[in-house]
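Take the sequence shown: its letter number 251 is residue 844 in the numbering used here, and every next letter is one higher.
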Amino acid sequence: MLGFLLIDKPEHMGSFDCVRWLRKILNVRRIGFVGTLDPLASGLMIFAIGEATKLIPYLEGLDKVYEVTATFGAVSDSYDADGKITELEVASAGVKRAVRPGRAGIEQVLSERFSGEVLQVPPVYSAIKVEGKRAYARARGGEKLKMKARKVFFHSICLASQRWPRARFTVHCGSGTYIRSFVHDLGQILGCGAYVEKLRRTKIGDYTVENAIAPDRINTKNAHKYIIAPQDFFLDKNVIVLSSEEYKTLANGGFISARKLKKISSSHTSGPLLAVYEKVCVGVLEPFKGQLKFHRKFL
């Protein structure tokens, strides 16, 4: 089995819970995904099935779009509603009364502090590895972690609605951005505290949640209908259809002429150059001294 699944993950289901569920449904051990979603979050996840996991690197840098509801006037140790929530009035910061920012104040901070490249500190309750172990596992074990800041990118943030103590945002950001950290940092800058109440991912690159399938609609009998072949899944790619002789040559570690590449595209796209034989994607090709060879070969 080889291909991709677009899944609309429900709330209160972990990303790795989805993997375990898919393994059972599809009877396939090798399953990977692009972009972890917290249990609290819902929305689009891209799952690679079988040998398609070798194509995940071509998807990892894609932008993402989120719909997030933030609650102001309190903070959370996990930066979301699943953590320990502390009202700002009793927080250790010494603030007696929560500041209530208006729409103009929020939008000013967004434009001044969350536009373009930004240094962001990830939450301690995250899947990032610290000395070989997941940060959330160390934090749950009582360790005090100091997470390192890293560069993230905000393309745009739209304040969709605002009525104290909540605000709703649409965030278009680069890969690796933590929306929980964005909301927490926004609350700190505004002086009122904030945490994520609801989070939904609606887009990864050009793939949208509208084209995703809910888990409860998939079963062992119909799952194959929703698996998308790599040559149909990638929007930015070139496809070379191999003859029997060309496939045998490549499979044995040989090279084939690059003339077919010139016929399909004057310049190679940023996506993978897929090799298809008998309507099945058999690998990724790469140019080598005027010829083509397998960069990644599928079994």
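A virtual CB, placed ideally from N, CA and C, is assigned to each residue, including glycine.
- request: Work out the CA separation of Y651 and K722 for me, nearest whole Å.
  value: If you number the sequence shown from 1, residue 722 lands on position 129. If you number the sequence shown from 1, residue 651 lands on position 58. Straight-line Cα distance between these residues: approximately 22 angstroms.
query: Considering only residues of the region 721-786, which uninterrupted alpha helix (DSSP H) runs meet the minimum length of 4 residues and lie entirely inside it, listed in chain order?
result: Counting whole runs of 4 or more residues, the region 721-786 contains the alpha helix (DSSP H) stretches 728-733, 772-783.
field: beta strand (DSSP E) runs wholly inside the region 833-877, at least 3 long, in chain order
entry: Segments of the beta strand (DSSP E) lying fully in the region 833-877: 866-870.
query: Should A760 be counted as a contact of the ligand SAM given a C-beta to heavy atom distance under 6 angstroms?
result: Judged by which ligands are present, the structure shown has none, so any question about the ligand SAM falls away.
field: DSSP bridge partner residues for D601 (one or two, in chain order)
entry: Taking the sequence shown and counting its residues from 1, one reaches residue 601 at position 8. According to DSSP, which records beta bridges pairwise, D601 is partnered with L637.
task: Would you identify the three-state DSSP class for E660, choosing helix, strand or coil?
output: On the sequence shown, residue 660 is found 67 positions in, with the first residue counted as 1. Here E660 sits in strand by DSSP.
message: Any contact between the region 624-639 and the region 743-763? By contact I mean 3 or more CB pairs, one from each, below 8 angstroms.
response: No, because fewer than three Cβ pairs between the region 624-639 and the region 743-763 fall closer than 8 angstroms, the two stretches do not touch.
task: Determine the direct distance from the alpha carbon of R761 to that of N804, and round the result to whole angstroms.
output: In the sequence shown, counting from the first residue as 1, residue 804 sits at position 211. In the sequence shown, counting from the first residue as 1, residue 761 sits at position 168. Looking at the two C-alpha atoms, the distance is approximately 23 angstroms.
query: In the structure shown, what three-state DSSP assignment does A807 receive?
result: What you label residue 807 is simply residue 214 of the sequence shown in a count that begins at 1. DSSP places A807 outside both helix and strand once states are collapsed to three, so it counts as coil.
message: Quick check: the Cα distance between N845 and K882, rounded to an integer number of angstroms?
response: Within the sequence shown, the letter at position 252 stands for residue 845. Within the sequence shown, the letter at position 289 stands for residue 882. In a straight line, the C-alpha of N845 is about 18 angstroms away from that of K882.
- prompt: Run through DSSP, which three-state label would A686 get?
  reply: The residue given as residue 686 occupies position 93 in the sequence shown. Confidence is the limiting factor: at A686 the pLDDT is only 46, short of 50, which leaves the residue's position unreliable, though a coordinate-based value still follows. In this structure, A686 counts as coil in the three-state DSSP scheme.
query: Closest to D799 by CA distance: which of F609, D829, Y672 is it?
result: Sequence index remark: in the sequence shown, residue 799 carries index 206 (1-based). In terms of Cα proximity to D799, the closest of F609, D829, Y672 is D829.
query: So is P880 buried or exposed if we call it buried at 16+ other beta carbons inside 10 Å?
result: Within the sequence shown, residue 880 is the residue found at index 287, counting from 1. Exposed.
field: Cβ separation of I821 and R706, assumed to be a contact under 8 angstroms, to the nearest whole Å
entry: As a working note, residue 821 is residue 228 in the sequence shown. As a working note, residue 706 is residue 113 in the sequence shown. Rounded, the Cβ-Cβ distance is 39 angstroms, inconsistent with contact.
query: Between Y870 and Y819, what straight-line distance do the alpha-carbon atoms span, to the nearest angstrom?
result: Residue 870 sits at position 277 when you count from the first residue of the sequence shown. Residue 819 sits at position 226 when you count from the first residue of the sequence shown. Separation of Y870 and Y819 (C-alpha to C-alpha, rounded to the nearest whole angstrom) is 21 angstroms.
task: Quick one: grab the DSSP three-state call for R613.
output: Indexing the sequence shown from 1 puts residue 613 at position 20. R613: helix per DSSP, three-state reduction.
task: Go to L703, then tell me how far its alpha helix (DSSP H) extends in each direction, as first and last residue.
output: As a position in the sequence shown, residue 703 is number 110, starting the count at 1. Counting along the chain, the alpha helix (DSSP H) containing L703 begins and ends at 696-706.
- prompt: So, is Q701 buried or exposed, given that buried needs 16 or more other C-beta atoms within 10 angstroms?
  reply: Position 108 of the sequence shown, counting from 1, holds the residue named residue 701. It is exposed - the Cβ of Q701 has fewer than 16 other Cβ atoms within 10 Å.
message: I need the DSSP call for D825, collapsed to helix, strand or coil.
response: By one-based count along the sequence shown, residue 825 stands at place 232. It is helical.
- request: Go through its chain and collect everything with a Cβ distance to K886's Cβ below 6 angstroms, but skip five positions before and after it.
  value: Position 293 of the sequence shown holds residue 886. F848, listed in sequence order.
- request: Classify P715 as helix, strand or coil using the three-state DSSP reduction.
  value: Here residue 715 refers to the residue found at position 122 when the sequence shown is read from its first residue. P715 sits in coil when the DSSP states are folded into three classes, being neither helix nor strand.
- prompt: If you count every other CB in all the chains shown that lies within 10 Å of the CB of L615, and 16 or more means buried, which is it?
  reply: Taking the sequence shown and counting its residues from 1, the one referred to as residue 615 is at position 22. Counting other Cβ atoms within 10 Å of its Cβ, L615 reaches 16 or more and is therefore classed as buried.
query: Between K657 and K814, what straight-line distance do the alpha-carbon atoms span, to the nearest angstrom?
result: Within the sequence shown, residue 657 is the residue found at index 64, counting from 1. Within the sequence shown, residue 814 is the residue found at index 221, counting from 1. C-alpha separation (whole angstroms): 32 angstroms.
message: What would DSSP say about L885, mapped onto helix, strand or coil?
response: Looking up residue 885 in the sequence shown gives position 292. DSSP, read as helix, strand or coil, puts L885 in strand.
task: Please classify S754: is it buried, with 16 or more other beta-carbons within 10 angstroms of its beta-carbon, or exposed?
output: Your numbering for residue 754 matches position 161 in the sequence shown. Flag for S754 reads exposed.
query: Apart from the five residues just before and just after V668, which ones in its own chain have a Cβ nearer than 8 angstroms to its Cβ?
result: Indexing the sequence shown from 1 puts residue 668 at position 75. Here V668 has I678, T679, L681, A684, H777, G780, G786, A787, Y788 as same chain residues with Cβ atoms under 8 angstroms from its own Cβ, once five neighbours each way along the sequence are excluded.
message: Can you give me the C-alpha to C-alpha distance between K647 and E790, rounded to a whole angstrom?
response: Residue 647 sits at position 54 when you count from the first residue of the sequence shown. Residue 790 sits at position 197 when you count from the first residue of the sequence shown. Rounded to the nearest angstrom, the two C-alpha atoms are 35 angstroms apart.
query: Would T710 be called buried (16 or more neighbouring beta carbons within 10 Å of its own) or exposed?
result: Residue mapping note: residue 710 aligns to position 117 of the sequence shown, counting from 1. A small correction: the amino acid at residue 710 is Glu; Thr does not occupy that position in the sequence shown. Exposed is the call here.
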